[in-house]
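Read in our numbering, the sequence shown has 77 at position 89, and its numbers run on one by one without any break. What follows is one structure encoded as structure tokens, with my remarks underneath.
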Amino acid sequence: MCGVVGIIGPEEAAKEVFLGLFTLQHRGQDAAGILSYSDGEGPGFHLYKENGLVEAVFNEEIVNRLPGRMAVGHTRYSTVGRSDNTRDIQPLVLNYPYGIGMAHNGNLV
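What follows is the structure, encoded as structure tokens:
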């Protein structure tokens, strides 16, 4: 069971998602990640994800590098894939013409 939180609207959405991930930490303790989207300065997706608990993965400096009014966060409970493989950590960004960002709870086949 992973934890997923998403926010649209606030000036610094990633900061709100960061706080939300703390409340979802019990849903996944293997890894955490935040993906934000900015259409202003430095447009596009901004992603940070690592193995570990939310408090070990993120700090104020890292969260401040995730600009935008849209963000999604994920805490991982490994059920498929290796728990130490950063490629399996979410959120995910796909290189589609304009990019697609996503996080989910479960298996996609």
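Glycine is no exception: its CB is placed at the ideal position from the N, C-alpha and C atoms.
Once the 5 residues before and after residue 91 are set aside, which same chain residues still bring their CB inside 6 Å of it? Here the set comprises -8, 60, 62, 78, 79.
Please tell me whether residue 24 and residue 2 are closer than 7 Å, where the distance is taken between their beta carbons. Yes, they are a contact pair.
Just verifying my parser: in three-state terms, what is the DSSP assignment at residue 83? In this structure, residue 83 counts as coil in the three-state DSSP scheme.
Where does the unbroken alpha helix (DSSP H) through residue 52 begin, and where does it stop? Unbroken alpha helix (DSSP H) run through residue 52: 48 to 52.
Short Cβ contact (7 Å threshold) for residue 66 with residue 18: Cβ atoms of residue 66 and residue 18: closer than 7 Å.
With DSSP run on the structure shown, which of helix, strand or coil describes residue 69? DSSP places residue 69 in coil when its eight states are reduced to three.
Pick from 52, 48, 16 that is closest to residue 30, judged by C-alpha positions: Per the Cα distances, 52.
Whose CA, out of 55, -10, 8, -3, lies closest to the CA of residue 32? It is 55 whose Cα lies nearest to the Cα of residue 32.
Which listed residue (15, 38, -6) has its alpha carbon closest to that of residue 74: Nearest option by C-alpha distance: 38.
Cutoff 7 Å: residue 94 Cβ touching any chain D Cβ: No chain D appears in the structure shown, which is made up of a single protein chain.
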